[in-house]
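One structure is given here, and the rest of the page talks about it.
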Amino acid sequence: MSIIRDPYTYLLGEFAELVCRALADFCPSLALNDVLHIIEEPPRREYGDLSLPMYRLLKYCKVDLSKFANAVRNISLNKIFMELKIVNDYLNVRINTAEYAKVIINAVRGDGANYGLIPDDRKLNIVIEFVSANPVHPLHIGSGRNAVLGDFLARLFEVKGHNVQRRYYINDLGRQVATLVYGYMRLGMPTPPEDVRPDIWFGLIYAVTNTIIDILRLRKELSNAGKNDPEAYVKQLELDELIMTLSELRSRNKELVDRLLDNISRDSDPDKNVEELMMRYESGDPKAVSLFRFVVAKVLSGIQETLRRLNVRFDKWDWESDLVFNGMVRNVLELARKSNYFILYKGAPALDFSSLQHDPDIKKSLKLPKSINIPPLILMRSDGTSLYVTRDIAYTIMKFNDSRADLVINVIANEQTLAQAQLRLALYALGFKEEAVRTIHFSYELVNLPGVKMSGRRGRYVSVDEVLDNLEYMVEEIMRSRGSTVSNEVKKVISVGAFKYMMLASSPNKVINFDANEALNLNRNSAPYLQYTYARTCGVLNKYGRDLEWDLIDYSAANVEPRRELLYHIGKFPYIISKVATDLEPEILIVYLNRLADLFNSWYDQEPILKEVSEGIKQLKLFITYATNIILRNGLGIMGIDVLERI
RNA sequence: GGGCCCGUGGCCUAGCCAGGAAAAGGCACCGGCCUGCGGAGCCGGAGAUCCCGGGUUCAAAUCCCGGCGGGCCCGCCA
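Structural data, given as structure tokens:
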């Protein structure tokens, strides 16, 4: 007999088969999958362990419910089910826990430390592009959410046996980097200070430069406008706000801000100079290239430090500018010119999707929004420089070619839904139909600060590092209040875990309103709670100090609450992992692990494990502890959260 | 004007896609449990018009339509 690796799925299958066989005579069209679909868990355990609402069978065969009931009543139970009852038109079964425990125990015994991690049959090449934050300031918590989600997806697919490549798109051709470089030049290109993180230092230059440029532009507009310009009032308000922002920034580094203000004010047209810089860089001017690359690499080194702190790694760092330098962007433009969808829009080369976007088949396969009007996609500026989406088309093609990808997943904020739809349409229009279908936008919502709008341009954001620093401080405080100390290692594992948990605990398409007090709460329903529970299991297992005596386990002792419930939950882990991998919803895993920890802690308080006198029961209890231990480690592992043997 | 996402006790979150038995966790609040294998824990209590209005259905937090509220997008920005 081969070992069953996924007990719960096996259980569902057995139940469905039982039902199908019983109803085969008068309900021949009823498929196993239909029944599987209908099976649910009763709201309360008294009803049974699994339940089939019989009225839902009426969809498949129209006969009287009593006929179902009669047929079902005569089901001869196999050994894993021990009781069958019909209550309120529900067919409820009770599991023979002793038998089911055997299945679960064999599954855990067979897979050991890999319990629950069952590879898919087909091994895919999956590219995940994530973070890809503009290299102009430190990672803020929004990017932190992206990093944690992308890392979660990568770990999940790896566990499911796929070949995962993690890529970071270094967006160095945009106006943002050019603005930063411009500011750095105006500052006189000083050597970045050693004692400040480069992303923080350059991030300040970036915010200050942006704000000053905007102030100068507004001032010019105001002085040109007539006194009766109705917009003048609004502009004045905007200007006042910017000046406040600048004075806030000034409080961080007076000298730097004054110098920038002085030097940028002397420039008669900063906007034009920023654009000129962009052009020089894109055309490959060696001086511009070395300067841009220097600045970006510096900022990136800071970002990488944060990512290392989060234990998020990348396989490839893709420079956007390389796509222009190596001709790939030009190729895309040439392809576009030859395509049937090419038009000149307001004099600029563009793709027109009006004939494509309403085709129901295309809409469905490319997962386009129901009724949406996608405007023509302009591919090139009239000054000859490239645009973001054009470069992104080239990049996507490269991601497919580079790693023979079956799937490209882009972890990108919800605000880019339209742009991502445009990207897929453009790929389709240029003849990359397969690629278009296999490009997946994994969308997530932003992280908001209560009251303030986060803005990198204004230097207004909470960085990942600040949050982690605060979390570490909280951990220290808690330990101090208990009269003990904490190692750096423990402090780091707990704070990083708490951060990741926070980012994964709510559905990706929900906005997170970042509340510092809430975020620093290390109580239940958090990573530390799960880590603590894990450490508890380690404590017991270490104290026992030997391997389990699998053959001595007393299965019959499984049929006692709350062991029963706990075992049932343990048996569900592989099923949960599969579900998470299908739905790509981290919160499912979190809910499951919390419940497991709750059940374990509650049980732990009720029954001694090591003091159990019956050897068979003691081995069963050790098994429960061991399985909980493995599940917590594997579950947290997928979330990128480390565990500790001692806290 | 059009589109996307969200709305569940005071607060945060699961359940919604695949409708089904008395809506599930947590925080905060109230009351108990520390010489026991780890109290970052355990036991108990209180607290909900599932945003509103229609519709579909034997049955709606869940599906459909229309509102309301919040966030976001519709650029020769990224």
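For the first sequence, the residue numbers in my numbering are 881 to 1527.
The beta carbon of each residue, even a glycine, is placed where N, CA and C say it ideally should be.
What first and last residue would you give for the alpha helix (DSSP H) that runs through D1031?
Its alpha helix (DSSP H) spans residues 1021-1039.
Kindly identify the DSSP beta-bridge partner or partners of E1229.
Residue 1229 is actually Pro in this sequence, not Glu. Note: P1229 sits in a beta bridge opposite L1224.
If we count the other Cβ atoms within 10 Å of its Cβ and call it buried at 16 or more, is I883 buried or exposed?
Here I883 is exposed, its C-beta having fewer than 16 other C-beta atoms within 10 Å.
Assign E1162 to buried or exposed, taking buried as 16 or more other Cβ atoms, counted over all protein chains shown, within 10 Å of its Cβ.
buried
Tell me whether R1025 is buried or exposed, calling it buried when 16 or more other Cβ atoms sit within 10 Å of its Cβ.
buried
Can the beta-carbon of G1182 be found closer than 9 Å to that of P1073?
Between G1182 and P1073, the C-beta gap is not smaller than 9 Å, which leaves the two residues out of contact.
May I ask you to report which of helix, strand or coil DSSP gives P1072?
coil
Using C-beta distances below 8 Å, list every residue in its chain close to V943, excluding the 5 sequence neighbours before and after it, in chain order.
Result list for V943: F906, C907, in chain order.
Quick check on the burial criterion: 16 or more other C-beta atoms within 10 angstroms. Buried or exposed for A949?
exposed
Could you tell me whether the Cβ atoms of V1154 and Y1064 are closer together than 9 Å?
no
Exposed or buried, which one is N968 when buried takes at least 16 other CB atoms within 10 Å?
exposed
With DSSP run on the structure shown, which of helix, strand or coil describes F961?
strand
What separation, rounded to the nearest whole angstrom, lies between the Cα atoms of A1316 and I1289?
11 Å
Classify F1010 as helix, strand or coil using the three-state DSSP reduction.
coil
Let me know if E1200 comes out buried or exposed under the rule of 16 or more other beta-carbons within 10 Å of its beta-carbon.
buried
Report yes if the C-beta distance between V1007 and D1282 is below 9 Å; otherwise report no.
yes
Please confirm whether T1270 and L1213 have their CB atoms less than 9 Å apart.
A distance below 9 Å separates the beta carbons of T1270 and L1213.
By Cβ distance, which residues of its chain are closer than 7 Å to A1112, with the 5 residues on each side in sequence left out?
L1102, A1105
Would you kindly work out how many angstroms separate the C-alpha atoms of W1430 and S1361, rounded to a whole number?
42 Å
List the whole-angstrom C-beta distance separating V1016 from V973, where the pair is believed to meet the contact cut-off of C-beta under 8 Å.
So it is not a contact: roughly 60 Å between Cβ atoms.
Is L1298 closer than 9 Å to P1249 when the C-beta atoms are compared?
yes
Closest by CA to V1291, which one among R1035, E1156, F1010, D914?
F1010
Is it buried or exposed for V1114, if we count other Cβ within 10 angstroms and need 16 for buried?
exposed
Mapping the DSSP letters down to three states, classify E920 as helix, strand or coil.
strand
Apply the 10 Å Cβ neighbour rule to H917 and answer buried if 16 or more other Cβ atoms are within range, or exposed otherwise.
exposed
Rounded to whole angstroms, how far is the Cβ of K1196 from the Cβ of R1318, which I believe are closer than 8 Å?
That pair is no contact at about 18 Å.
Would you call L997 buried or exposed, if buried means 16 or more other Cβ atoms sit within 10 Å of its Cβ?
Counting every other CB atom within 10 Å of its CB across the protein chains shown gives L997 a total of 16 or more, marking it as buried.
Is there contact here, the segment 927-946 with the segment 1401-1410, by at least three beta-carbon pairs under 8 Å?
no
Just the C-alpha distance for A1013 and N1474, rounded to the nearest angstrom, thanks.
Approximately 32 Å, taken between the alpha carbons.
If you draw a straight line from the alpha carbon of A1407 to that of F1172, how long is it in whole angstroms?
40 Å
With burial defined as no fewer than 16 other Cβ atoms inside 10 Å of the residue's Cβ, what is the status of K947: buried or exposed?
exposed
For K1452, does the count of other Cβ atoms within 10 angstroms reach 16, so buried, or fall short, so exposed?
buried
DSSP state of P1240, grouped into three classes?
helix
Closest by CA to K1491, which one among E1445, Y1455, L1421?
L1421
Helix, strand or coil for T1265? Go by DSSP, reduced to three states.
coil
Does the segment 1462-1472 touch the segment 1382-1390, meaning 3 or more C-beta pairs lie closer than 8 Å?
Of all C-beta pairs linking the segment 1382-1390 to the segment 1462-1472, three or more are shorter than 8 Å, placing the two stretches in contact.
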